[in-house]
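Same order as they appear, the protein sequences are chains A and B.
Last residue of the first sequence: 1006 in this note's numbering, with the numbers rising by one and none dropped.
Last residue of the second sequence: 1006 in this note's numbering, with the numbers rising by one and none dropped.
Glycine is no exception: its CB is placed at the ideal position from the N, C-alpha and C atoms.
Down below is the structure, laid out as structure tokens.
2 protein chains.
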Amino acid sequence: MKRNRIAAIGPNCLGVLDTTTNIDTLFLPPDRLLRPKRGGISFISQSGALSSAVLDLAAQEGYGFAKFVSYGNAMNIDESDLLDHLASDPETKVICLYIEGVHDGKKFLAAATRAAAKKPVIVLKGGITEAGSKATLSHTGSLAGAAEVYLGAFRQAGLIIAYDLEEVFDYLKIFEKTAMKPRGNRVQIITNGGGYGIITADEISQARHLRMATLSPATAAFLKKLFPPIAVISNPLDVLGDATEDRYQLAIEACLKDKGNDILLVVMLPQTPLLNLDKLAMQTIEFAQRSKKPIVAIVTGSEFATRFARRLEDRGIPCYEFPARAVRALNVLAARRTR
Amino acid sequence: MKRNRIAAIGPNCLGVLDTTTNIDTLFLPPDRLLRPKRGGISFISQSGALSSAVLDLAAQEGYGFAKFVSYGNAMNIDESDLLDHLASDPETKVICLYIEGVHDGKKFLAAATRAAAKKPVIVLKGGITEAGSKATLSHTGSLAGAAEVYLGAFRQAGLIIAYDLEEVFDYLKIFEKTAMKPRGNRVQIITNGGGYGIITADEISQARHLRMATLSPATAAFLKKLFPPIAVISNPLDVLGDATEDRYQLAIEACLKDKGNDILLVVMLPQTPLLNLDKLAMQTIEFAQRSKKPIVAIVTGSEFATRFARRLEDRGIPCYEFPARAVRALNVLAARRTR
């Protein structure tokens, strides 16, 4: 695809945003549509209004974008051309497609397979039910076709299927914020909230591509010596509601050394006054940068919690508001580890 | 239950918040844990840290609370006592429980059945898997027991089961913000985003207790005369990306009059500059206050979008960030309509 042909303007099309070259043909005012920072996400969408809503929210939540193309009903270039382009774009770490239909099935399957072999490709398909499919016909004129055929083709090509926009956000975050592929699927939970640890363990146990790790006896013995007697040295590792950043540091360090896990999922509920969030952020970021295991966090709360989470994310630690969202993203990350 | 016995302090217990009497025994600073405004939600939790995270986030997102009791391992009163109390509390519109175990099965089943007959009762059960259940034992000392037994009992009592905290937030919102029970389960979508309409239609078609409404021929003919020729007069009703607040007003008014639907789900993507959000909010609130059908909104975007959503919510229109969350909440609302 030639670069100068990228502006495929037609109905349902918002325009193009390219953070590398500063091309911005969105034609919407910045007080209504925040522009995201530069980053690793490239997004292709067949719906203009969906594009503007996604960009505005993603910018607010600190997602970084390489390219955003809202191509509507694709007058001159189609989703396969765009996929090929983004697959070889060095700025693009992860690709997401919102599509209602594809223009050439064979061409798409080939392009999607090529792209997915190089980087994660997430797809949200509009019109997977009869009612939705009827609506695509009057929107982009796409013949949405049988859901099974589409979903089957996506799986065959190795795409990551999202069933809602929230899943899109969850998956984009984990692939943009961490470059790391876990070596296995064993997750160790560290938490300062007992209930959160339990809910998270429930979610992991039900996730297809994840399982609960087991602390090695040596790690358990080491932590038992240092932690208060009522701390729960297991998985979840409960550092208790009165945990300080130092107790977290001990826990994270010990679990990173432990060979019995591949991924750390750290619940950090910042409501307790004993927790110095500045120090906790600095220490956790330092661990994440030295570590070969992905560290993902769950942080719930109001604005100060969100600021803490953004700080971690800017340095490679994806943060999620709720256990289910973190586990869903980890599940997709783990599923790709053998690819 | 005597009021003066409500302070059941023990491990894993945060304390009590009662917005009616201004009792606040949370012992956490307000800059770390925002206090929510007065409202219709009462929450019982067996986990202290979970309680503080929930309260902090809920306060930020505009949820209103009547009572919040974090009762830990329940030294003197248990969840059934609390349920009985809240069932007859006139300030409480909706009850939510986070529990890891119950102390007396028969007593709980009776109390839960009584409470659920009076108002919606949402339950999130920690420890529904083996790993989660093992963790409850060292947390509250609850014998979490077989998930099937618990979930079966919850269903028998008529409780609304949530499987994650995000679901808890979604369900609490719809029951707190709207008092209305829909007369049926037929949902009409109005949208200014084609893709959003399609995704929402897909979600509704897959929701157990909902189905897509059909616009009556009279409504369709009426709107066809007034709308631009490329507007899609169907379900979804696509008022197009250049919709003004007046076009929304026409659409909402016509759909409220239409006897072919029971619920309006209105997607309002506020990124386009033509949409006057002040007027749109005022008009939609006016409709909602006169209407006998629930109106629920989907609003995605950055801060100005959130402010718009809060304004609608304060006047009885629950707003959700993503289609799946709105539809999940509506599904639960519709399931209760015949009770």
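Check, Outcome
"Residue 891 of chain B classed as buried or exposed, judged by whether at least 16 other C-beta atoms fall within 10 angstroms", "exposed"
"Cβ neighbours of residue 867 of chain A in the same chain (closer than 8 Å, five flanking residues each side left out)", "856, 858, 903, 932, 934, 965, 990, 993, 994"
"Per DSSP, cross-strand counterpart(s) of residue 765 of chain B", "B:712, B:791"
"Proximity winner among A:937, A:684, A:700, relative to residue 936 of chain B (alpha-carbon distances)", "A:700"
"Residue 805 of chain B versus residue 689 of chain A: straight-line alpha-carbon distance, rounded", "55 Å"
"beta-carbon residue 757 of chain A near the ligand PLP non-hydrogen atom, thresh 7 Å", "This structure simply doesn't include the ligand PLP, nor any ligand for that matter."
"Closer than 8 Å to chain B by CB, residue 671 of chain A", "Confidence at residue 671 of chain A is low in this model, with a pLDDT of 34, below 50, so its placement is unreliable and the value that follows should be read with caution. Answer no: the Cβ-Cβ gap between residue 671 of chain A and chain B never drops below 8 Å."
"The region 791 to 806 of chain B: positions lying closer than 9 Å to chain A by Cβ", "791, 792, 793, 794, 795, 796, 797, 798, 799, 800, 801, 802, 803, 805, 806"
"Residues of its chain near residue 917 of chain A, where Cβ-Cβ distance is below 8 Å and the 5 sequence neighbours each way are ignored", "890, 893, 894"
"Whether residue 930 of chain B touches residue 979 of chain B by CB criterion (8 Å)", "no"
"C-alpha gap between residue 829 of chain A and residue 795 of chain B, whole angstroms", "25 Å"
"Any chain A beta carbon closer than 8 Å to residue 863 of chain B", "yes"
"Alpha-carbon spacing of residue 876 of chain A relative to residue 901 of chain B, whole angstroms", "41 Å"
"Element boundaries [alpha helix (DSSP H), containing residue 869 of chain A]", "861 to 873"
"Contacts of residue 940 of chain B in chain A (Cβ-Cβ under 8 Å)", "695, 696, 699"
"From A:801, A:850, A:755, A:707, residue whose alpha carbon lies closest to that of residue 1034 of chain B", "Absent from the structure is residue 1034 of chain B, since the part of chain B shown begins at 668 and ends at 1006."
"Sheet register partners of residue 1007 of chain A (DSSP bridge)", "With chain A represented from 668 up to 1006, any question about residue 1007 of chain A goes unanswered, as that position is not in the structure."
"C-alpha gap between residue 728 of chain A and residue 884 of chain B, whole angstroms", "43 Å"
"Straight-line gap, residue 766 of chain B to residue 873 of chain B (C-alpha atoms, nearest Å)", "29 Å"
"Under 8 Å (Cβ pairs) to chain A, residues found in the region 886 to 911 of chain B", "897, 899, 901, 902, 903, 905, 908"
"Cβ pair count under 8 Å reaching 3, the region 761 to 776 of chain B against the region 736 to 749 of chain B", "yes"
"Selection of the region 813 to 832 of chain A by Cβ proximity to chain B, strictly under 7 Å", "831, 832"
"Under the three-state DSSP convention, the category residue 704 of chain B falls into", "strand"
"Helix, strand or coil at residue 751 of chain A [DSSP, three-state]", "helix"
"Residues that residue 884 of chain A contacts on chain B, provided the C-beta gap is smaller than 8 Å", "None at all; the shortest Cβ gap to chain B is about 17 Å."
"Within chain B, the residues that residue 860 of chain A reaches when beta carbons sit closer than 7 Å", "714, 716, 717, 720"
"Neighbour flag for residue 990 of chain A against chain B, beta carbons, 8 Å", "yes"
"Chain-order list of residues whose beta-carbon lies under 6 Å from that of residue 753 of chain B (same chain, five-residue window excluded)", "709, 759, 762"
"Residue 945 of chain A, DSSP secondary structure in three states", "helix"
"Spatial distance of residue 695 of chain B from residue 841 of chain A (CA atoms)", "32 Å"
"Closest Cα partner of residue 1003 of chain A within the set A:756, A:685, A:784", "A:784"
"Contact set between the region 751 to 766 of chain A and chain B, restricted to residues whose Cβ is under 9 Å from the partner", "765"
"Nearest-angstrom Cα separation, counted from residue 999 of chain A out to residue 838 of chain A", "7 Å"
"Residue-chain proximity (residue 949 of chain B, chain A), Cβ-Cβ < 8 Å", "no"
"Contact set between the region 968 to 999 of chain B and chain A, restricted to residues whose Cβ is under 8 Å from the partner", "968, 969, 970, 971, 972, 988, 989, 990, 991, 992"
"Own chain, CB closer than 8 Å to residue 926 of chain B, minus 5 neighbours either side, in chain order", "883"
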